[in-house]
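Quick note: the sequence shown uses this note's numbering, first residue 6, plus one each step.
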Amino acid sequence: AIALYRASSTRGGSQAAVAWQFSPNGRQAVQVLPMPANSVQQQAFDRFQKIFDNNPALMAISHPETGFFSAVNQAFLDRLGYSRNEVLGHSSSELGLFVDAANRDAAAEELRKTGGIKNLETRVRRKDGQVITGLFSGEIIDDQRDKSFLTVMMDITRHKEIEEDLARKSNLLETLFNAI
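Structural data, given as structure tokens:
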């Protein structure tokens, strides 16, 4: 099962963690766990959650064996055109996100072997079929219950388009110059 824990306030100032668990068959369970108020772990989790949720990069947490997503940030949803319900409990393979499946498999294997991957250029398919290019990084995180992949992708589609346009114009200028 894949678990995502999120803190929420309750009456009396105490905190509770709400755990969403996704099993390999896609079933979802919710469990509320009491937590001590103002715990160091809670503060660290709250900080991480704010960074994760508000990051402009596409971010996801997935299970290393099944690939099922347990959390994605809003940038992920906005840029790829999915709703949270369409993504959570599903894998990138099921969603057809990676244009090159071998690239996805190589990235996952590198994460498993070394615990991290940095700036792998990859192409990802949005829900509407449009392909974007990104720099994909990730590492294994351990929350003391389970290991997960934390992945981040910076969308460099516009940079690649500009780069290709400059290369075309450079080739055209070279051709014109050689013709003179």
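Even glycine gets a Cβ: it sits at the ideal position worked out from N, Cα and C.
Just so we're clear, the structure is a prediction, and the values are computed from it rather than from any experiment.
When you compare each of the options to residue i by their alpha carbons, which one comes out closest?
{"i": "Ile66", "options": "Arg128, Asn124 and Asp147", "result": "Asp147"}
{"i": "Val129", "options": "Asp110, Gly101, Ser142 and Tyr87", "result": "Gly101"}
{"i": "Ala76", "options": "Gly134, Pro61 and Leu155", "result": "Leu155"}
{"i": "Asp105", "options": "His95, Gly139 and Tyr87", "result": "Gly139"}
{"i": "Ser88", "options": "Ala172, Lys132, Ser175 and Pro69", "result": "Lys132"}
{"i": "Thr127", "options": "Lys118, Ala112, Leu178 and Phe57", "result": "Ala112"}
{"i": "Asn60", "options": "Val157, His68 and Phe182", "result": "Val157"}
{"i": "Asp83", "options": "Asp58, Ala107 and Pro69", "result": "Asp58"}
Could you please give the first and the last residue of the uninterrupted alpha helix (DSSP H) stretch that includes residue i?
{"i": "Thr56", "result": "Note that residue 56 is Ile in the sequence shown, not Thr. Run containing Ile56: Val45 to Asn59, per the alpha helix (DSSP H) assignment."}
{"i": "Asp83", "result": "Gln79 to Leu85"}
{"i": "Ser97", "result": "Ser97 to Leu100"}
{"i": "Val104", "result": "Element bounds for Val104: n/a, residue is neither H nor E."}
Output yes or no for whether 8 Å exceeds the beta carbon distance between residue i and residue j.
{"i": "Phe81", "j": "Leu93", "result": "no"}
{"i": "Ile137", "j": "Asp160", "result": "yes"}
{"i": "Gly72", "j": "Ser97", "result": "yes"}
In the DSSP assignment, what are the bridge partners of residue i?
{"i": "Phe182", "result": "Answer by DSSP bridge pairing: none, since Phe182 is not bridged."}
{"i": "Ile145", "result": "Phe154"}
{"i": "Val136", "result": "Arg130"}
{"i": "Ala65", "result": "Val77 and Thr156"}
So residue i and residue j are supposed to be a Cβ contact under 8 Å. How far apart are they, rounded?
{"i": "Gly120", "j": "Glu144", "result": "6 Å"}
{"i": "Ile122", "j": "Ser153", "result": "Not a contact, Cβ separation roughly 14 Å."}
Start and end of the beta strand (DSSP E) containing residue i?
{"i": "Thr71", "result": "No beta strand (DSSP E) holds Thr71; DSSP gives it neither H nor E."}
{"i": "Leu125", "result": "Gly121 to Arg130"}
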